[in-house]
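When we follow the working numbering, the leftmost residue of the sequence shown carries the number 2, and every step to the right adds one. Everything below concerns the one structure shown next.
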Amino acid sequence: MVARRRLTPQKSVSRRVLGAEELTAHAARVIEDKVFEIKAIVYLSFAINLILLFLVLGVLLKLMGF
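In structure tokens, the structure reads:
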């Protein structure tokens, strides 16, 4: 026989208090934060790639004699 883990009164009350609306709002905030973080990483990567591209172009132009 498998022993079931009983919820403490605190956990059961908090699960009843948090309804579907609160959980959905919390999930939306978490997703919004993650999307913001991913966008920030993408923009930083784009900026770094542009800098590296201009450095490479500068080196190539210098090697070609411009």
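Where is the CB? At the ideal position from N, CA and C, for every residue including glycine.
Inter-residue Cα distance where the pair is residue i and residue j
i     : j     : result
Ala29 : Phe55 : 39 angstroms
Ala41 : Ala48 : 11 angstroms
Ile52 : Asp34 : 27 angstroms
His27 : Asn50 : 35 angstroms
Val60 : Phe67 : 10 angstroms
Leu62 : Leu24 : 57 angstroms
Neighbour flag for residue i against chain E, beta carbons, 7 angstroms
i     : result
Phe55 : Annotation note: the requested chain E is absent from the structure, which comprises a single protein chain.
Same chain, Cβ closer than 6 angstroms to residue i, five either side skipped, listed in chain order
i     : result
Tyr44 : none
Cβ-based neighbour list, residue i, same chain, cut-off 7 angstroms, excluding 5 preceding and 5 following
i     : result
Met65 : none
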